[in-house]
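A.B. asks: Have a look at this one.
Number of protein chains: 4
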Amino acid sequence: MVGMEETLRAMDEILAFLRTLPKKLKSKEVENFIQALLNTRRVFVVGAGRSGLVVKAFATRLMHLDFEVYVVGETITPALRPGDLLVALSGSGETDLIVESAKIAKKVGARVAAITSYPRSSLAKLADLVVTLPGRTKIASIKGFVRRELYGEYASLTPLGTLFEISSMVFLDAIISSLMVKLGKKEEDLRAKHATIE
Amino acid sequence: MVGMEETLRAMDEILAFLRTLPKKLKSKEVENFIQALLNTRRVFVVGAGRSGLVVKAFATRLMHLDFEVYVVGETITPALRPGDLLVALSGSGETDLIVESAKIAKKVGARVAAITSYPRSSLAKLADLVVTLPGRTKIASIKGFVRRELYGEYASLTPLGTLFEISSMVFLDAIISSLMVKLGKKEEDLRAKHATIE
Amino acid sequence: MVGMEETLRAMDEILAFLRTLPKKLKSKEVENFIQALLNTRRVFVVGAGRSGLVVKAFATRLMHLDFEVYVVGETITPALRPGDLLVALSGSGETDLIVESAKIAKKVGARVAAITSYPRSSLAKLADLVVTLPGRTKIASIKGFVRRELYGEYASLTPLGTLFEISSMVFLDAIISSLMVKLGKKEEDLRAKHATIE
Amino acid sequence: MVGMEETLRAMDEILAFLRTLPKKLKSKEVENFIQALLNTRRVFVVGAGRSGLVVKAFATRLMHLDFEVYVVGETITPALRPGDLLVALSGSGETDLIVESAKIAKKVGARVAAITSYPRSSLAKLADLVVTLPGRTKIASIKGFVRRELYGEYASLTPLGTLFEISSMVFLDAIISSLMVKLGKKEEDLRAKHATIE
Numbered sequence: 002m003v004g005m006e007e008t009l010r011a012m013d014e015i016l017a018f019l020r021t022l023p024k025k026l027k028s029k030e031v032e033n034f035i036q037a038l039l040n041t042r043r044v045f046v047v048g049a050g051r052s053g054l055v056v057k058a059f060a061t062r063l064m065h066l067d068f069e070v071y072v073v074g075e076t077i078t079p080a081l082r083p084g085d086l087l088v089a090l091s092g093s094g095e096t097d098l099i100v101e102s103a104k105i106a107k108k109v110g111a112r113v114a115a116i117t118s119y120p121r122s123s124l125a126k127l128a129d130l131v132v133t134l135p136g137r138t139k140i141a142s143i144k145g146f147v148r149r150e151l152y153g154e155y156a157s158l159t160p161l162g163t164l165f166e167i168s169s170m171v172f173l174d175a176i177i178s179s180l181m182v183k184l185g186k187k188e189e190d191l192r193a194k195h196a197t198i199e
Numbered sequence: 002m003v004g005m006e007e008t009l010r011a012m013d014e015i016l017a018f019l020r021t022l023p024k025k026l027k028s029k030e031v032e033n034f035i036q037a038l039l040n041t042r043r044v045f046v047v048g049a050g051r052s053g054l055v056v057k058a059f060a061t062r063l064m065h066l067d068f069e070v071y072v073v074g075e076t077i078t079p080a081l082r083p084g085d086l087l088v089a090l091s092g093s094g095e096t097d098l099i100v101e102s103a104k105i106a107k108k109v110g111a112r113v114a115a116i117t118s119y120p121r122s123s124l125a126k127l128a129d130l131v132v133t134l135p136g137r138t139k140i141a142s143i144k145g146f147v148r149r150e151l152y153g154e155y156a157s158l159t160p161l162g163t164l165f166e167i168s169s170m171v172f173l174d175a176i177i178s179s180l181m182v183k184l185g186k187k188e189e190d191l192r193a194k195h196a197t198i199e
Numbered sequence: 002m003v004g005m006e007e008t009l010r011a012m013d014e015i016l017a018f019l020r021t022l023p024k025k026l027k028s029k030e031v032e033n034f035i036q037a038l039l040n041t042r043r044v045f046v047v048g049a050g051r052s053g054l055v056v057k058a059f060a061t062r063l064m065h066l067d068f069e070v071y072v073v074g075e076t077i078t079p080a081l082r083p084g085d086l087l088v089a090l091s092g093s094g095e096t097d098l099i100v101e102s103a104k105i106a107k108k109v110g111a112r113v114a115a116i117t118s119y120p121r122s123s124l125a126k127l128a129d130l131v132v133t134l135p136g137r138t139k140i141a142s143i144k145g146f147v148r149r150e151l152y153g154e155y156a157s158l159t160p161l162g163t164l165f166e167i168s169s170m171v172f173l174d175a176i177i178s179s180l181m182v183k184l185g186k187k188e189e190d191l192r193a194k195h196a197t198i199e
Numbered sequence: 002m003v004g005m006e007e008t009l010r011a012m013d014e015i016l017a018f019l020r021t022l023p024k025k026l027k028s029k030e031v032e033n034f035i036q037a038l039l040n041t042r043r044v045f046v047v048g049a050g051r052s053g054l055v056v057k058a059f060a061t062r063l064m065h066l067d068f069e070v071y072v073v074g075e076t077i078t079p080a081l082r083p084g085d086l087l088v089a090l091s092g093s094g095e096t097d098l099i100v101e102s103a104k105i106a107k108k109v110g111a112r113v114a115a116i117t118s119y120p121r122s123s124l125a126k127l128a129d130l131v132v133t134l135p136g137r138t139k140i141a142s143i144k145g146f147v148r149r150e151l152y153g154e155y156a157s158l159t160p161l162g163t164l165f166e167i168s169s170m171v172f173l174d175a176i177i178s179s180l181m182v183k184l185g186k187k188e189e190d191l192r193a194k195h196a197t198i199e
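Protein chains in written order, with our numbering: chain A, 2 to 199; chain B, 2 to 199; chain C, 2 to 199; chain D, 2 to 199.
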């Protein structure tokens, strides 16, 4: 009665979108990103709003994997140094404070990895490497996403950055898997680092 | 070379898991949850670690929908009152501080909605309503998930609460869609409330 | 043996500095700030690092006093609207992301109250009203603070923004007192709004 | 006109209270605390509400001093290990989630340092070491504070935990000074670690 149908339909939309994710990934971009993570001594992450939450979820797992990782804006985040990697997540690539953060990072000599739907955005242009993830911040970004034609109400089912945020979460958790394999880490290794007080 | 293959395989696992999500949802639970959200004056959310991030992403969208919503532990979160709804997210349903939070909420006369993989957990038992979401905190939770047999390394591909956290994010974003339909909200309405400074 | 003497000496320095605070306050600035708080419908606060923590402590008490108040960067912070008041705290008045936030606020038509040691800083220039609080970000800011001459190690006893941050905390808690008097609020009223789950 | 008088009077109250702070400190407690900080490999801090903000301000400076320090509840906080030190700040010593956190820490074999006004509180009883700081959570805590007799409205001038929170901030910043002296750190050393992006 109250909402099961709409819930399932929205879930269907999200899953349909996610199914297109693997073939939209660019091999070169993904591999550069993994390489950059493996090659840096310290990773910093930054994102605003819901994108900030997704990038924090990624940082948690990097910590589990024994990376030295920091979240911009949290209490114990130290100064960036040359050679550090800043992972900046922004669907539009135009979020003011994120672009500003990337500029500061570049000034300091850190490298910037941008995860965005817009490879020509201000953030992407500043970045040393880019991972392009599909989203739907502007109409152009869903060109070719045929299901949209079937459901007129598509836009309202997954408002604003929803699809980018979920795609990012799935993508970054897949990256964690890759790193586990590369680093020979098992689930028990991660569990051993999992926060005790919560 | 470096990780594209593993990335795709992990993504495949996550998507395979998500595909099973719709049919695992219990209609009654979902509808009770939506009804509880629509019937309450104020929503509080709580979760620890990555589950905390997922429930914050939900709170952001509830705010966009004009709900009065608060995150336990953030700066401006006021006292709970009888009639408030606490949405508590915990895969295991045994996270100490979350169970403790739910106990406090019950003492005050608030209602508790538990989102968990374990309908018999301490959290679920305390709760007024439960939404059971699949996860893989213990082996039992993936019974019937056949792909596991195909990939021996399954466990390491999506460590710890990963599948529960992604499932929750997708589920809660689908709930937002339902609420949009119920409340007649359009994407423009949400955009108008979207944080300006970020 | 281990540090009691140094602890007391540092405390002495801090208290000596705080004693000079009341006579450094400018009546007009303080009254404008209180008036601005009383006249606005919604208050937003922003600050970076330890200044961010101080301004959050202020926001908590504003919430206790029934103000509608939000912290920039937290989960449920909505869009700024014309007429909102942004309270921005920065000792130097040059903190990048805070100056950027103030710019965005001005663009939207919100008012900005700057709390800073530098009334000619970028932040102060952008602001509609300024409260000048003593600090010691640069040497000039402690001109006339005679105790410095007595203790050569002064600078190291209260490093970086320490004195500004403590001064701000004391000042903003005194502002809360003023607001309580103006609004006829008693401690019981604040206690009734104090977060239940913590 | 609007509030300058009340602001100054409240500030006066706070300063009068702070003046009593040095002679209320117990040498033994302070020295044990400093020793514990110097002897541990990793420090974790925890506090709720405004006390949480004060303890985060302390953590920031510990990071500047090259301590390995974490805030309970933040993104990259790892598992506690035997030998870690948990610094728990609670005026009443009865804050639910803080007492619960201390219990978990003890179970794991970590040490707990309680900073509280109540040396007989649940938190203090659990703790390996206690620092007693004056506050005014209950009437007993201000016995002997004579200015109270002069201002009937005292209680409303510094509501709830205000005096404890400010005392803690001043005390912990004085501890930072002691640590700087012990460790031979200068302001420049701290500045070098100060967050770049803010």
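Using N, Cα and C, we set each Cβ at its ideal position, and we do this for glycine too. Predicted, not measured: the structure shown is a model, and the values here were computed from it.
1. Output needed for residue 55 of chain D: all residues of its chain with C-beta closer than 8 Å, excluding positions within five of it in sequence on either side, in chain order.
2. Assign residue 160 of chain C to buried or exposed, taking buried as 16 or more other Cβ atoms, counted over all protein chains shown, within 10 Å of its Cβ.
3. Counting only runs of 3+ residues fully inside the segment 105 to 145 of chain B, write out the beta strand (DSSP E) ranges in chain order.
4. To which residues does DSSP link residue 259 of chain A through a beta bridge?
5. Is the Cβ-Cβ distance between residue 72 of chain A and residue 76 of chain D less than 9 Å?
6. The beta strand (DSSP E) spanning residue 3 of chain C covers which residue range?
7. Is it buried or exposed for residue 121 of chain B, if we count other Cβ within 10 angstroms and need 16 for buried?
8. Please check if any C-beta of chain A sits within less than 9 Å of the C-beta of residue 127 of chain D.
9. Return yes when the Cβ of residue 97 of chain A is within less than 9 Å of the Cβ of residue 105 of chain C, no when it is not.
10. Figure out for me which residue from A:42, A:193 and A:116 has the closest Cα to the Cα of residue 127 of chain A.
11. Quick check: what's the CA-CA separation for residue 190 of chain C versus residue 65 of chain C?
12. Does the beta carbon of residue 85 of chain D come closer than 9 Å to any beta carbon on chain B?
13. If you drop the 5 nearest sequence neighbours on each side, which residues of the same chain put their C-beta closer than 8 Å to that of residue 107 of chain B?
14. Hey, is residue 123 of chain B's beta-carbon within less than 9 Å of any beta-carbon in chain C?
15. May I ask you to list, following chain order, the residues of the segment 89 to 103 of chain A that have a beta carbon less than 7 Å from some beta carbon of chain D?
16. Could you tell me if residue 51 of chain B is buried or exposed, where buried requires 16 or more neighbouring beta carbons within 10 angstroms of its beta carbon?
17. Note down, in chain order, each residue of its chain lying with its Cβ closer than 6 Å to the Cβ of residue 132 of chain B, except the 5 sequence neighbours on either side.
18. In three-state terms, what does DSSP make of residue 82 of chain C?
19. My output table needs one value for residue 70 of chain D: the three-state DSSP class, helix, strand or coil.
20. Name, please, each residue of chain B whose Cβ falls closer than 8 Å to the Cβ of residue 105 of chain D.
21. Tell me whether residue 10 of chain B sits in a helix, a strand or coil according to DSSP, three-state version.
22. Quick one: is residue 64 of chain C near chain B, going by C-beta distance under 9 Å?
23. Along chain C, in chain order, which residues have C-beta atoms closer than 7 Å to that of residue 73 of chain B?
24. Rounded to whole angstroms, what's the CA-CA distance from residue 37 of chain D to residue 78 of chain A? Just pull it up for me.
25. Looking at the structure shown, is residue 42 of chain C part of a helix, part of a strand, or coil, going by DSSP?
26. Quick check on the burial criterion: 16 or more other C-beta atoms within 10 angstroms. Buried or exposed for residue 6 of chain D?
27. Assuming residue 1 of chain B and residue 94 of chain B form a contact by the criterion Cβ under 8 Å, report the distance between their Cβ atoms to the nearest whole angstrom.
28. In the DSSP assignment, the alpha helix (DSSP H) including residue 163 of chain D goes from what residue to what residue?
29. Do we get a CB-CB distance below 9 Å when we pair residue 172 of chain D with the residues of chain C?
30. By DSSP, does residue 65 of chain D sit in helix, in strand, or in coil?
31. Pull up the distance between the alpha-carbon of residue 180 of chain D and that of residue 32 of chain D, whole angstroms please.
32. Using a Cβ-Cβ cut-off of 9 Å, state whether residue 183 of chain C counts as contacting chain D.
33. For residue 68 of chain B, I'd like the list of residues in its chain whose CB is within less than 7 Å of its CB, leaving aside the five on either flank, ordered along the chain.
34. What does residue 80 of chain D touch in chain A if you count any residue whose Cβ is under 7 Å from its own?
35. Just checking my contact of residue 210 of chain A with residue 175 of chain B at CB under 8 Å: how many whole Å lie between their CB atoms?
36. In the structure shown, what three-state DSSP assignment does residue 198 of chain B receive?
C.D. replies: Walking through what the data contain:
1. Excluding residues within five positions, the ones whose Cβ falls inside 8 Å are 48, 90, 166, 169, 170 and 173.
2. By the beta-carbon neighbour count (other beta carbons within 10 angstroms, threshold 16), residue 160 of chain C is buried.
3. For the segment 105 to 145 of chain B, the full-length beta strand (DSSP E) segments reaching 3 residues or more read 112 to 117 and 130 to 133 along the chain.
4. The requested residue 259 of chain A does not occur in the structure, where chain A is confined to residues 2 to 199.
5. Cβ atoms of residue 72 of chain A and residue 76 of chain D: closer than 9 Å.
6. It is not in any beta strand (DSSP E) - residue 3 of chain C carries neither H nor E in the DSSP assignment.
7. With fewer than 16 other Cβ atoms within 10 Å, it is exposed.
8. Chain A, which has no Cβ nearer than 9 Å to the Cβ of residue 127 of chain D, makes this no.
9. Against a cut-off of 9 Å, the Cβ pair of residue 97 of chain A and residue 105 of chain C comes out as a contact.
10. The residue with the shortest Cα to Cα distance from residue 127 of chain A is A:116.
11. Going from the Cα of residue 190 of chain C to the Cα of residue 65 of chain C covers about 8 Å.
12. No, residue 85 of chain D lies away from the interface with chain B (no Cβ there is under 9 Å from its Cβ).
13. The residues are 113 and 127.
14. Chain C, which has no Cβ nearer than 9 Å to the Cβ of residue 123 of chain B, makes this no.
15. Answer set for the segment 89 to 103 of chain A: 102.
16. When all chains shown are included, residue 51 of chain B counts as buried.
17. Contacts found: 30, 34 and 116.
18. In the structure shown, residue 82 of chain C sits in coil (DSSP, three-state: anything other than H, G, I, E or B).
19. When DSSP states are grouped into helix, strand and coil, residue 70 of chain D belongs to the strand group.
20. Going along chain B in sequence order, the residues near residue 105 of chain D (Cβ under 8 Å) are 97.
21. Three-state DSSP puts residue 10 of chain B in a helix.
22. Yes, residue 64 of chain C lies at the interface with chain B (some Cβ there is under 9 Å from its Cβ).
23. Going along chain C in sequence order, the residues near residue 73 of chain B (Cβ under 7 Å) are 198.
24. Going from the Cα of residue 37 of chain D to the Cα of residue 78 of chain A covers about 23 Å.
25. Of the three classes helix, strand and coil, the one that applies to residue 42 of chain C here is coil, per DSSP.
26. Exposed, since its Cβ has fewer than 16 Cβ neighbours within 10 Å.
27. Nothing in the structure corresponds to residue 1 of chain B, since chain B is present only between 2 and 199.
28. That run of the alpha helix (DSSP H) goes 163 to 184.
29. Chain C has a Cβ within less than 9 Å of the Cβ of residue 172 of chain D.
30. Here residue 65 of chain D carries a helix assignment [DSSP, helix/strand/coil].
31. Residue 180 of chain D and residue 32 of chain D have their C-alpha atoms spaced approximately 11 Å apart.
32. Closer than 9 Å: yes.
33. Here the set comprises 44.
34. Those are 193, 194, 195, 196 and 197, listed as they occur along chain A.
35. Absent from the model: residue 210 of chain A. The displayed extent of chain A is 2 to 199, so no value can be given.
36. Residue 198 of chain B falls in the coil class under three-state DSSP.
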